[in-house]
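Have a look at the structure below, then the notes.
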Amino acid sequence: MDNLSVNINNIKDPEFWRQISKNRDKQCPGEANNFSCAPKREFWDNMAKCYDSLETCDVYLDMVKEIIELLKKSGALGKDKIVLDVGCGTGNYAVRFSELCKEVTGIDVSEKMLKEFTEKTEKKEIKNIRIFQSDWTDFDIYQNNFENAFDLVFASMTPLTRETSLLDKMLRCSRRFLGIVAWAGVKDNRVVDEICRELWGKDIIHPPDMIVSFNYLYSLGYAPEIKFFWGKWEKIRETEEQADSVIRLLENNKKLEESEKQFIREKMKTLEKDGKIASYTDVRIAFMLIDTLKRKE
385 MDNLSVNINN
395 IKDPEFWRQI
405 SKNRDKQCPG
415 EANNFSCAPK
425 REFWDNMAKC
435 YDSLETCDVY
445 LDMVKEIIEL
455 LKKSGALGKD
465 KIVLDVGCGT
475 GNYAVRFSEL
485 CKEVTGIDVS
495 EKMLKEFTEK
505 TEKKEIKNIR
515 IFQSDWTDFD
525 IYQNNFENAF
535 DLVFASMTPL
545 TRETSLLDKM
555 LRCSRRFLGI
565 VAWAGVKDNR
575 VVDEICRELW
585 GKDIIHPPDM
595 IVSFNYLYSL
605 GYAPEIKFFW
615 GKWEKIRETE
625 EQADSVIRLL
635 ENNKKLEESE
645 KQFIREKMKT
655 LEKDGKIASY
665 TDVRIAFMLI
675 DTLKRKE
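Note that the working numbering has the sequence shown beginning at 385, numbered continuously upward.
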């Protein structure tokens, strides 16, 4: 009880959340059937080809559209604005930002994600996007003249926002706005959960979501504005592609045995219809916007 009292008294102290972030591996058990907190570069490379599958999901597209409208309304996007997209992936947001802003810079660790991104910019003949392949964790913002260089720093669905030191880095790059899109407590896929229970006897334990980033920024004196999005994400894929997707997801933290991979493939076959599988994930996503001019010192 004493420890609980100490924690409650300290939750407004940024150092409390720095320690939570620093000990994230303890918060996210690294057992064989759990996701790791920080997916490896190989994980994102393997996801590159199927990453844009949500671009056919109306619920996802409606969320993206509303987030962009909120950014426009706040003044974070506009013809004179310069934007940095951290963990930009295949450029789903960055390409859309480029139509509204003076310049967009994307940075991501995955070569294959950025290959997809580059192909989009070439196909659309986009001239106001710069792309950096680098790990934000050790990217030198001073050598690359990123400090205080962007009107908006944006990061969507990336584990980078779970680390307070990396949030600090984003803040140092922003002249005014920081926008974050992240999981917010709901990420339930019946098929994946069922596979995990059958293989290992329990559900996936997902890593921390918006909790740490929101509370850390709040403890620094910022006033985060939050918008939640609920829905069901649908992905329709060929049976083999769906099986490979689940295997990649689970292998993020543990190399699966061939027998486990075969189990997943056989499971997928029981769910297919006309050679395809519709996968549904119940989600709750949070969009958080920080205006650094509205800070309590």
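All C-beta atoms in this analysis are idealised placements derived from N, C-alpha and C, irrespective of residue type, glycine included. These figures come from a predicted structure and were not determined experimentally.
The three-state reading of DSSP puts aspartate 658 in coil, since its state is none of H, G, I, E or B.
Judged by DSSP in its simplified three-state form, lysine 616 adopts strand. Under the 10 Å beta carbon count, glutamate 495 is surrounded by fewer than 16 other beta carbons and is classified as exposed. Note: isoleucine 669 is bridge-paired with Trp567 and Phe613 in the DSSP secondary-structure output. Between the alpha carbons of isoleucine 404 and isoleucine 395 lies a distance of about 10 Å. Serine 518 and valine 537 have their C-alpha atoms some 16 Å from each other.
Leucine 454 sits away from cysteine 485, with the two beta carbons spaced by 7 Å or more. In the DSSP annotation of this structure, the continuous segment of the beta strand (DSSP E) that includes threonine 489 starts and ends at 487-492.
Between methionine 497 and aspartate 587, the alpha-carbon positions lie close to 29 Å from each other.
Between the stretch 543-551 and the stretch 651-661 there are fewer than three inter-stretch CB-CB distances shorter than 8 Å, so the stretches are not counted as touching. DSSP links glutamine 517 through a beta bridge to Asp492. For asparagine 532, the number of other beta carbons within 10 angstroms of its own is below 16, and it is reported as exposed.
The stretch 597-617 and the stretch 666-681 touch, with no fewer than 3 CB-CB distances between them shorter than 8 Å.
Taking the Cα positions, tyrosine 526 is about 53 Å away from lysine 657.
Linking leucine 634 to asparagine 430 through their CA atoms gives a straight-line distance of about 12 Å. Linking phenylalanine 647 to leucine 655 through their CA atoms gives a straight-line distance of about 13 Å. Exclusion of the five residues before and after lysine 651 leaves Ile579 as the residues of its chain whose Cβ lies within less than 7 Å of its Cβ.
Counting along the chain, no beta strand (DSSP E) covers phenylalanine 530, and no H or E run does either. At least 7 Å separates the beta-carbon of aspartate 572 from that of lysine 616.
Counting along the chain, phenylalanine 534 sits inside the beta strand (DSSP E) bounded by residues 534-540. Counted as a single uninterrupted DSSP element, the beta strand (DSSP E) harbouring aspartate 469 occupies residues 466-470. Isoleucine 466 sits away from aspartate 524, with the two beta carbons spaced by 7 Å or more.
Annotated three-state conformation of glutamate 426 is helix, per DSSP.
Per the DSSP secondary-structure output, asparagine 573 pairs in a beta bridge with Thr665. As computed with DSSP, serine 405 is found in no beta bridge at all. When rounded, the separation of the alpha-carbon atoms in lysine 639 and glycine 569 is 26 Å. Spatial neighbours of tryptophan 428 in its own chain (CB-CB distance under 6 Å, excluding positions within 5 residues in sequence) are listed in chain order as Ser494 and Met497. Check the Cα spacing between threonine 623 and each of Arg649, Phe613 and Ser643: the tightest is with Arg649. In the structure shown, phenylalanine 501 adopts helical secondary structure according to DSSP, grouped into three states.
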